[in-house]
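A.B. asks:
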Amino acid sequence: MDPWVYAVIGLCLLVLVLLVVTLVALRRLARRERHLVAQLSTELAAARSDVADLGTRLEELSTQTTQASGLPDRADFDGVAEKTPSEVVTPYLITELGEPDQQAQALPVEARFVTAVESARPIWVPAQPLRASLVGVVAVSHGLRRALSADARDRIWMEMQVEMRRSRRRRRAEIKAARKYLREKGAA
-18 MDPWVYAVIG LCLLVLVLLV VTLVALRRLA RRERHLVAQL STELAAARSD
32 VADLGTRLEE LSTQTTQASG LPDRADFDGV AEKTPSEVVT PYLITELGEP
82 DQQAQALPVE ARFVTAVESA RPIWVPAQPL RASLVGVVAV SHGLRRALSA
132 DARDRIWMEM QVEMRRSRRR RRAEIKAARK YLREKGAA
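Quick note, in the numbering used here, the sequence shown goes up one by one and the last residue is 169.
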């Protein structure tokens, strides 16, 4: 046989092996892609159901808020002009100028914050580390509030002005002394 025949047969076998390897790789890639598409579609369906649940929960909360606040429905606004002031339903206002709650006003803001956070604390959160970290946060916020007050800012500004004047005087004295030294050294 001719040596070219062996070369052609070897080349055909090489092409056949490369074709088989390529087909196997393409099948694996297609299988992985189908698996990924299926996984993403299930995640998308779960996300859509979560969004729908959140929408219904939002609707429930908005109706509860409307009912709890005492605001009239839209249908009630049609006949408001004909009603006397005593018949008109006054909406609940958060910024009410009535009598403040004496018990809540007796505590400082920091203590009210700590008690509010501790009352909302889940059972599995230990109380002592939470209280310690809350006290630290409240102390830092109180210090920042005092440090950033108008009086403190004015005092800091005045001290900066005094220090700037002092440094200018010191710089002028140093320049004057340097000139005097250069004059004496140049004359000698």
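All C-beta atoms, glycine included, are put in the ideal place defined by N, C-alpha and C.
Note that this is a predicted model, so its numbers are computed, not measured.
1) Determine the direct distance from the alpha carbon of S130 to that of G124, and round the result to whole angstroms.
2) Hey, could you find the ends of the alpha helix (DSSP H) D132 is sitting in?
3) Roughly how many angstroms separate the alpha carbons of R160 and R150, rounded to a whole number?
4) For A120 and R127, which I take to be in contact (beta-carbon distance under 8 Å), what is that distance rounded to the nearest angstrom?
5) Alpha carbon to alpha carbon, what distance is there between G36 and L10?
6) Alpha carbon to alpha carbon, how far is I137 from E24?
C.D. replies: Considering the structure as presented:
1) 10 Å
2) 131 to 168
3) 15 Å
4) Not really, about 11 Å apart at Cβ, beyond 8 Å.
5) 38 Å
6) 57 Å
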